[in-house]
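Notes follow once the structure below has been shown.
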Amino acid sequence: MPELPEVETTARGLRARLLGQRVRSVGGVDWPRMVPNASEAELHETLVGLQVTAIDRKGKYLLVEFEQDRWLSVHRKMSGNLLLRTADAAPEAHTHLEIDFDDGTQLRFIDARKFGRVNLFRSREELVDFLAARLGPDSLVDLDEGMLAAKIRGRRGRIKSLLLDQAFLAGIGNLYADEALWEARIHPSRPAHSLSRVAVRRLARAIKQVLVLGIERRGTSFSSYRDADGLAGENQDFLNVYGRTGEPCPRCGTPISRMVITQRSSHFCPKCQRLLAS
DNA sequence: CCACGATCCTGCTAGC
DNA sequence: TGCTAGCAGGATCGTG
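Last residue of the first sequence: number 1292 in this note's numbering, and the count goes up by one each step with no gaps.
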């Protein structure tokens, strides 16, 4: 599942190879639903001949800026990958969009589950409105203890649910939420407003830590995630709780528990992460 | 504000 | 071995 570290890793890979490249053609759209606001022909007509001027990330959205204030946003949801290949490389299954560049590089959007989405924007304002309607502050760039404390104030929902809410904080998904809560020793079901000031500080630091380490390890390849060059990350070798139900907590040895919160499995240590605690 | 359930998809796995 | 049922998950929308 691409979350912030996986999107950031991909953005870095694409930036190194695509900045300054000019679009030769856009095609391969075989599932129109994945591009809800443009047809393949519109994508091609809008982007052909334009240079890539920036690659950015906001939350889990990858953003590509072209000349003439044109933009693409890509959300990979669960199984989507963006891969750089040469145009004559062997085709890959589940490819739903191909962008060819002047130097022979081909950017492929590959997504077995077809949940991913690509959107075209014709101005920065359109893009900013789209993102503002969906995303809160970025959990890597904007997060600090004071901001988190202010946002948590008065929120009675479970802390795990809040961390998964992209309008609350953008970029955290199920895996990094579980890892951050374990690191901060906070039970995922704790009502957000019940966290002490010290606990909020631990959480802010833990979120930053798991995201930064995730990026240093080039993402978590738990299932299908690959970077722009098709390589797996390494963070899956360092997980403390996610997907480790029944295995010993690395801190105290207690078997890791699993429970469902907001329709999603949560992994935590029942001893280190008490429901009634500071 | 908050919880819950349904929806979208298909690869994978557990179980028979 | 071969089949099937169910799970996995991010975002969005509807209901209570």
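Every residue, glycine too, gets a C-beta built ideally from N, C-alpha and C.
If we ignore side chains and look at the alpha-carbon of each, how far apart do residue i and residue j end up?
| i | j | result |
| --- | --- | --- |
| V1062 | V1224 | 39 Å |
| D1143 | E1261 | 44 Å |
| G1257 | K1165 | 29 Å |
| F1080 | C1286 | 48 Å |
| A1055 | Q1120 | 18 Å |
| F1182 | D1152 | 9 Å |
| F1282 | V1274 | 11 Å |
| G1118 | L1177 | 41 Å |
| A1107 | G1042 | 12 Å |
| P1046 | R1204 | 41 Å |
| V1255 | E1059 | 47 Å |
| I1229 | L1154 | 11 Å |
| G1168 | L1253 | 31 Å |
| L1162 | G1150 | 11 Å |
| L1057 | A1220 | 40 Å |
| D1125 | M1015 | 11 Å |
Does the Cβ of residue i have 16 or more other Cβ atoms within 10 Å, making it buried, or fewer, making it exposed?
| i | result |
| --- | --- |
| W1085 | buried |
| C1266 | exposed |
| D1251 | exposed |
| V1088 | buried |
| S1279 | exposed |
| A1242 | buried |
| H1201 | buried |
| D1044 | exposed |
| G1233 | buried |
| Q1035 | buried |
| L1289 | exposed |
| L1157 | buried |
| S1297 | Absent from the structure is residue 1297, since the part of the chain shown begins at 1015 and ends at 1292. |
| L1033 | exposed |
What distance in whole Å lies between the Cβ atoms of residue j and residue i, which are believed to be in contact at a cut-off of 8 Å?
| i | j | result |
| --- | --- | --- |
| R1215 | E1159 | 5 Å |
| A1180 | G1094 | At residue 1180 the sequence reads Gln, which differs from the Ala that was named. Actually they are not in contact, since the Cβ atoms of Q1180 and G1094 sit about 16 Å apart, beyond 8 Å. |
| V1037 | L1064 | 5 Å |
| E1017 | G1185 | 7 Å |
| K1174 | L1195 | 7 Å |
| L1096 | T1024 | 6 Å |
| L1145 | Y1239 | That belief does not hold up - the Cβ atoms of L1145 and Y1239 are roughly 22 Å apart, past 8 Å. |
ask   = At which residue ranges does the segment 1152-1215 contain complete alpha helix (DSSP H) runs of 4 or more residues, listed in the order of the chain?
value = Fully enclosed alpha helix (DSSP H) runs of no fewer than 4 residues occupy 1159-1166, 1173-1178 and 1188-1198 of the segment 1152-1215, in order along the chain.
task = Let me know the alpha helix (DSSP H) ranges lying completely inside the segment 1108-1156, each 4 residues or longer, listed in chain order.
result = Within the segment 1108-1156, the complete alpha helix (DSSP H) runs of at least 4 residues are 1138-1146.
message = Please give me, in chain order, every unbroken run of the beta strand (DSSP E) with length at least 3 that falls completely inside the segment 1048-1115.
response = Secondary structure remark: continuous beta strand (DSSP E) runs of at least 3 residues inside the segment 1048-1115, in chain order: 1066-1072, 1075-1080, 1084-1089, 1094-1100 and 1109-1115.
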